[in-house]
Each structure stands twice: as C-alpha cells, then as structure tokens.
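Enquirer: In the working numbering, the protein residues as written are 9 to 605. Below: one structure in structure tokens.
See the structure below:
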C-alpha cells in the first residue's frame, strides 16, 4: 500500500469501501495543501500563522485585531440524534458539509474538537470523520496534535502538585518555619480536596487511588483519583475563554480544595495559577488542519459532552466567523447534551447566534431506538441493521422527532442529515424524510463518507437555503432562574423526564449554591450519559414516565459552571476488552502509523 501511495495510483474520491481511514489519509496527504497555501487562500498575514510540522496554529489575537470589525459569516452547528456506542457520523457530516459547500463554490471552514487519547486508543476512534469526509493529516490529528491536551494535563497536575506539596510542608513545619519560606498556613482540609489528577487514557484502575504512602517526606497520605484529561476544568476554560487575559483570570479562580473552616483554596492561593497559564499560553491559539478536499478546519478544545462542555472553542468560532462565509462548528453527542450546552451556555457566553443546526441521524441508530438488537463495538451488526425493516425503523423515529423538537425550542428550524450507509434502502430513507419534514425540518441525504463533497451537495444546498431564513433565537431559561428550576426545566423539556429526584444532601447543596451571591451568574452544565435521553444508557428511544436522579453538583469556579450529575456517570471512562490500540502500529521502514480510524 505504501508503494501505491507514493506512486499516486489512487484518485479522489478514494475507494472508502476498500481503504481504511488511515490509508485514505496517507494518500490524501500527497495532495495536501501546505500551511502557507492555506494562509494565502485565507488571506492571512505571515505572522498570523504559527507552523507546527504538517499543521499549524492560528495567532488568533493578531487575526481578531485585524479582522475583528469584519462581518461574521453564517454560523452552523452540527448535532445528532441519540447515538449508538459506535457513533453516527457527526464529524463525518461536519467535514462532508464543508466539502459540499466547497463544491458549491462557498468560502467554508469549520471548527471541531481535538480527540482524546482515551477513545482514540479505546473503542470510538479519533473522531476525525471518515472515508472521504475526514480531517487530515490523521496521524497528527489523532496523536497529540500540537500538544493542547498534554498542556492541559501538565497545568492541571501542577495544581495538584502544588496542593499536595503544600499539605506536606504545612504538616512538617511550624508557622515560623513557614514564614521563613514566605508561606502562610492554608490549613487545607484533606477530606475536602475537590480536584484529582488527570491522564488522557481510559484508565479505570486509576479511578480511586491512595497517594502519599511512605514517610513524612513522601507527601500527605490521602484518598485521591484520576479523571480523563479532557474532563478537567481547564479544558472547559479553554473552550469558553475569549482571550489570554480571560484565560489567566479564570485559571486563578479554580477551587482546588477547602480549608478547615470551609473557605475555598484556589490556584491563586497556592501561587500556581501563573505557571499553569504558562503551560497554556500557546494552546489558546486554534490548530489549523484541512479536509481531504482541502477546506480549512480549526481544531480546538476537547470532546465528551456527557462529562464536559464538549464544544469546539469560542475562540475558534470567533476566528472562523471572520475568515469564512460559512462556519460550521461541532457539538458533542446528541441535541439533549451537546446542542443544549451550545445553545444555553456557549452561545450565552460568546454572544454568537447560530443560523441553523444540522441533526445527524442514521437509520442504524433509529432501528436500535425502535427496539433493535444490541449495538456494541467489536460485535457484528445484527441482520436487522443490514436488511430493510420499515416497522423497526418507524418505532425508532420518535427519537428523531424528539431531537427536532429540542432544536426548534431554540427558534431554529433544523436540517436533518441522513448519514448514508450502504445498507440503507430507498424506502427507509423515504420514511425518515416524510416524518422529519412533517415536523418542519429540512432533510438531506449525505453520502460524503463514500463520495466526499460530491456526496454532500444535497446537504450543502439544504444548509445554504436554511441560512437564508431569519432565526428567532432564544434561550431555554433566563439567567436569574434558580439552579433547581433550571435542572427541572432541562430534565422535562429536553430529556423528557417526568420529574427530578434530588439524592439526600444534594438538594440542600443546590439551595446553598443558589443563595451564594458569587455564584448567581454561574452556568448550568449537566453531566449525563449520551446513550439515552434519560440517565440510564439502557433506555432507548424516547423513555416515558421516568425520574432523573441528581446525585451531586460539581462546582467549577474558574469556568463558572455548576454541574449537576445525573445517574451513575464517571469522569474516568474504562478501556474495553477489544481496544483500538491492538490494531495501531508503525511501519518500521517508512515510519508511517497504521491502524488509526
């Protein structure tokens, strides 16, 4: 294959049925535009591009200083129906739409999230899209890119290093000795430490750990934990920060622990906030990659909208709206999670209003919601998903209807994109179209995985048409609404719950937070499974008559988020029995990475 790639024996669109994603990426890289070619096409000045190997960063402050008064382009959000564990091609839809808009002669670009090493090395892959609708270069995209997640890990773990070192020294030294070292006693409560450590893998063995085992110079013995890196509050801050000053101020307000009197201990108290920001000084600049067909793609911030904000960054969207006539931005998972956070949190912070939202749907997922057999990574798909079954499909369509109605609550008339699989039949597609159009949505079929931009022309036309309409955009709730009322509104209006159950002690915590004047302007960031509209991943379709349990509220004082946790969700996912790393390797003669998807 490598010899064929070098000899340029393949032509676009590439044969996605015969070639894997990494093979398509390798061949496409032969024709990939250089950073300097993209710079010229985007009208950027030389000092506004920061090269980094095959990719680059955009110096966003310089770009915004020069272009900040320019008119914004059209703002397009990508969301989805409730997915199967395999995903339904939301990034493929995003990249395919960019390619389709390019085929229509539009100046289009997008913003997607950087993949976490957790799913890349586990069961979900690197979320680069797929086939002829993917981001390249795939290896760089999947394996660290320009170091943003690594910088977040270093900054986060530096805060924990500062905390645990301070606890050790306060235990070992008297107050006069602390004074000699220019330190005041913080009296940190070991049972009220809010943060853990982070690592960018799905490492279930690190969910609960004991640290400080040994002598008195080996740290303070206490229970601790690891979360996945992209769930760090620092990733949330990177997602919503508007400039370097905003980033620095938010980092300094992160609560790491509490003292013995209940007073928060911040990173500023630990005198570590400046050093943390130093790790992130370059990460504030979006990364610049491209599609297989050469459209620019900004990659910034991280995934996991079920346990984090899960949005491409506000900074990437601000830049993209100045550079492109059509800027496409991606939200994590389905509309009940990713779009709801985009709508009521990200847009409220940024002040930006979308023109349209695209709901990605697959017939495979709708059949699952209709009661089809279990879908799981590593297991072959059942015959019900490979053959026409209109009855099963029809039973699953309420899930699509629910998501259409969710998006319409924001004032947007959505576009439903049927992400085409070769097992879909004409009658199945016709049924989905009929039901979606009856709900007031535009509908388009996308074959971008197989055909690239040529397969996304119908989708591009639907989006262009939708962008010509006026949108009466409105938030779900006012900022003055109390936290408990917000949670109940989201639970009932967005998830379809009958009521909310506050686990003992959590409702009192909500009441205390509501009365705290410093938290009046905090945003509500729900934490919930992405595999169901409910808190239970086994409840498919549109569950009825269920109760949403809230078992905790996480407080992010830097991001200014209150995060109600619904059900038994974990900030550290686990690695499955057949992880992707088993198939990833390096060709020792060429140095090429194989097996990524």
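Note that beta-carbon positions come from the ideal geometry of N, C-alpha and C, so glycine has one too.
Using the three-state DSSP reduction, which class does residue 59 fall into: helix, strand or coil?
Expert: For this step, residue 59 is matched to residue 51 along the chain shown. The answer is strand: DSSP assigns residue 59 an E or B state.
Enquirer: Quick one: using the 10 Å Cβ neighbour count with 16 as the cut-off for buried, is residue 225 buried or exposed?
Expert: Walking along the chain shown from the start, residue 225 turns up at place 217. Burial call: exposed.
Enquirer: Where does residue 15 fall in DSSP's three states?
Expert: The count along the chain shown starts at 1 and reaches residue 15 at position 7. No answer about residue 15 holds up, because its pLDDT of 43 lies below 50 and its placement is not dependable.
Enquirer: When the Cβ atoms of the region 283–300 are set against those of the region 159–172, are three or more pairs found closer than 8 Å?
Expert: Contact holds: three or more Cβ-Cβ distances are below 8 Å.
Enquirer: Are the region 422–433 and the region 62–75 in contact at 8 Å, needing three or more beta carbon pairs?
Expert: Segments in contact, no.
Enquirer: CA-CA distance, residue 245 and residue 562?
Expert: By one-based count along the chain shown, residue 245 stands at place 237. By one-based count along the chain shown, residue 562 stands at place 554. Straight-line Cα distance between these residues: approximately 15 Å.
Enquirer: Using three-state DSSP, classify residue 341 as helix, strand or coil.
Expert: One-based indexing of the chain shown puts residue 341 at position 333. Residue 341: coil per DSSP, three-state reduction.
Enquirer: Grouping DSSP H, G and I as helix and E and B as strand, with all else coil, what is residue 578?
Expert: To locate residue 578, count along the chain shown from 1; it is residue 570. Note: residue 578 maps to coil in three-state DSSP.
Enquirer: Quick one, which of 523, 480, 479 and 543 has its alpha-carbon nearest residue 500's?
Expert: Position 492 of the chain shown holds residue 500. If we check each option's Cα against that of residue 500, 543 comes out closest.
Enquirer: I'd like to check one pair, residue 313 with residue 345: are the Cβ atoms closer than 9 Å?
Expert: Position 337 of the chain shown holds residue 345. Position 305 of the chain shown holds residue 313. A contact, by the Cβ cut-off of 9 Å.
Enquirer: Tell me whether residue 592 sits in a helix, a strand or coil according to DSSP, three-state version.
Expert: By 1-based counting over the chain shown, the position of residue 592 is 584. Note: residue 592 maps to coil in three-state DSSP.
Enquirer: Reducing DSSP to helix, strand and coil, say where residue 421 ends up.
Expert: Start at 1 with the first residue of the chain shown, and residue 421 comes out as number 413. Of the three classes helix, strand and coil, the one that applies to residue 421 here is coil, per DSSP.
Enquirer: Is residue 318 helix, strand or coil when you go by DSSP?
Expert: Numbered from 1 along the chain shown, position 310 holds the residue referred to as residue 318. Residue state, collapsed to three classes: coil.
Enquirer: Roughly how many whole angstroms lie between the Cα atoms of residue 201 and residue 61?
Expert: Counting from 1 along the chain shown, the entry for residue 201 is found at position 193. Counting from 1 along the chain shown, the entry for residue 61 is found at position 53. About 40 Å.
Enquirer: For my contact list, residue 284 and residue 166 are in at a C-beta cut-off of 8 Å; report their separation, rounded to the angstrom.
Expert: Position 276 of the chain shown, counted from the start, is the residue given in the question as residue 284. Position 158 of the chain shown, counted from the start, is the residue given in the question as residue 166. That belief holds up - the Cβ atoms of residue 284 and residue 166 are roughly 6 Å apart, short of 8 Å.
Enquirer: My understanding is that residue 5 touches residue 83, with C-beta atoms under 8 Å, so please give their C-beta distance in whole angstroms.
Expert: An answer regarding residue 5 cannot be provided, because it is not within the stretch 9 to 605 covered by the chain.
Enquirer: Could you check whether the region 137–153 touches the region 169–185, counting it as contact only if at least three pairs of C-beta atoms, one from each stretch, sit closer than 8 Å?
Expert: The region 137–153 is not in contact with the region 169–185.
Enquirer: Does residue 603 come out as helix, strand or coil in the three-state DSSP assignment?
Expert: The residue you call residue 603 lines up with position 595 of the chain shown. Coil.
Enquirer: Write down every uninterrupted run of the alpha helix (DSSP H) in the region 477–507 whose length is 4 residues or greater and which is fully enclosed by it, in chain order.
Expert: Qualifying alpha helix (DSSP H) stretches, in chain order: 491–497.
Enquirer: Just to confirm, is the Cβ distance from residue 85 to residue 337 under 9 Å?
Expert: In the chain shown, the residue the question calls residue 85 occupies position 77. In the chain shown, the residue the question calls residue 337 occupies position 329. Yes, the Cβ-Cβ distance between residue 85 and residue 337 is below 9 Å.
Enquirer: From which residue to which residue does the beta strand (DSSP E) around residue 82 run?
Expert: Your numbering for residue 82 matches position 74 in the chain shown. From DSSP, the beta strand (DSSP E) with residue 82 extends over 82–88.
Enquirer: Along the chain, where does the beta strand (DSSP E) that runs through residue 350 open and close?
Expert: The residue you call residue 350 lines up with position 342 of the chain shown. Counting along the chain, residue 350 falls outside any beta strand (DSSP E), and DSSP gives it neither H nor E.
Enquirer: Between 548, 364 and 493, which has its C-alpha nearest residue 473's C-alpha?
Expert: Here residue 473 is taken as the residue at index 465 of the chain shown, counted from 1. Ranking the options by Cα distance to residue 473, first place goes to 364.
Enquirer: In terms of residue numbering, what span does the alpha helix (DSSP H) encompassing residue 247 cover?
Expert: As a working note, residue 247 is residue 239 in the chain shown. Here the alpha helix (DSSP H) through residue 247 covers 241–248.
Enquirer: For residue 477, is the classification buried or exposed, using 16 other Cβ atoms within 10 angstroms of its Cβ as the cut-off for buried?
Expert: Your numbering for residue 477 matches position 469 in the chain shown. By the 10 Å Cβ count, residue 477 comes out exposed.
Enquirer: Given this structure, state the Cα-to-Cα distance separating residue 168 from residue 582, to the nearest angstrom.
Expert: By one-based count along the chain shown, residue 168 stands at place 160. By one-based count along the chain shown, residue 582 stands at place 574. In a straight line, the C-alpha of residue 168 is about 23 Å away from that of residue 582.
Enquirer: Under 9 Å between the Cβ atoms of residue 207 and residue 234?
Expert: For the purposes of this step, residue 207 is identified with residue 199 of the chain shown, where counting begins at 1. For the purposes of this step, residue 234 is identified with residue 226 of the chain shown, where counting begins at 1. Yes, Cβ-Cβ distance for residue 207 and residue 234 is below 9 Å.
Enquirer: What residues in its chain sit with their C-beta under 8 Å from that of residue 311, if we drop five residues either side in the sequence?
Expert: Reading the chain shown from its first residue, position 303 is the one you call residue 311. Cβ neighbours of residue 311 beyond the five flanking positions: 121, 122, 123, 124, 127, 135, 238, 318 and 340.
Enquirer: Below 8 Å on the Cβ atoms is my contact criterion, and I expect residue 228 with residue 172 to pass it. Report the Cβ-Cβ distance as a whole number of Å.
Expert: In the chain shown, the residue the question calls residue 228 occupies position 220. In the chain shown, the residue the question calls residue 172 occupies position 164. Right, their Cβ atoms sit about 6 Å apart.
Enquirer: Residue 230 bridges to which residues according to DSSP?
Expert: By one-based count along the chain shown, residue 230 stands at place 222. Its beta-bridge partners are 219.
Enquirer: Go to residue 171, then tell me how far its alpha helix (DSSP H) extends in each direction, as first and last residue.
Expert: For the purposes of this step, residue 171 is identified with residue 163 of the chain shown, where counting begins at 1. 156–180 is the extent of the alpha helix (DSSP H) around residue 171.
Enquirer: How should residue 15 be labelled, buried or exposed, when 16 other C-beta atoms within 10 angstroms of its C-beta is the threshold for buried?
Expert: Reading the chain shown from its first residue, position 7 is the one you call residue 15. Any answer about residue 15 is weak, because its pLDDT of 43 lies below 50 and its placement is not dependable; what the coordinates show is given next. Residue 15 should be labelled exposed.
Enquirer: Give me the Cβ distance between residue 343 and residue 415, rounded to the nearest whole Å; I'm assuming they're in contact under 8 Å.
Expert: Numbered from 1 along the chain shown, position 335 holds the residue referred to as residue 343. Numbered from 1 along the chain shown, position 407 holds the residue referred to as residue 415. The pair is a contact, with the Cβ atoms about 6 Å apart (cut-off 8 Å).
Enquirer: Taking the CB atoms as reference points, tell me whether residue 295 and residue 66 lie closer together than 9 Å.
Expert: To locate residue 295, count along the chain shown from 1; it is residue 287. To locate residue 66, count along the chain shown from 1; it is residue 58. Against a cut-off of 9 Å, the Cβ pair of residue 66 and residue 295 comes out as a contact.
Enquirer: Going straight from the alpha carbon of residue 179 to that of residue 217, what length do you get?
Expert: Your numbering for residue 179 matches position 171 in the chain shown. Your numbering for residue 217 matches position 209 in the chain shown. Roughly 21 Å between the two C-alpha positions.
Enquirer: Could you tell me how far apart the beta carbons of residue 485 and residue 556 are, in whole angstroms, since I believe they sit closer than 8 Å?
Expert: Here residue 485 is taken as the residue at index 477 of the chain shown, counted from 1. Here residue 556 is taken as the residue at index 548 of the chain shown, counted from 1. About 16 Å; that fails the 8 Å criterion.
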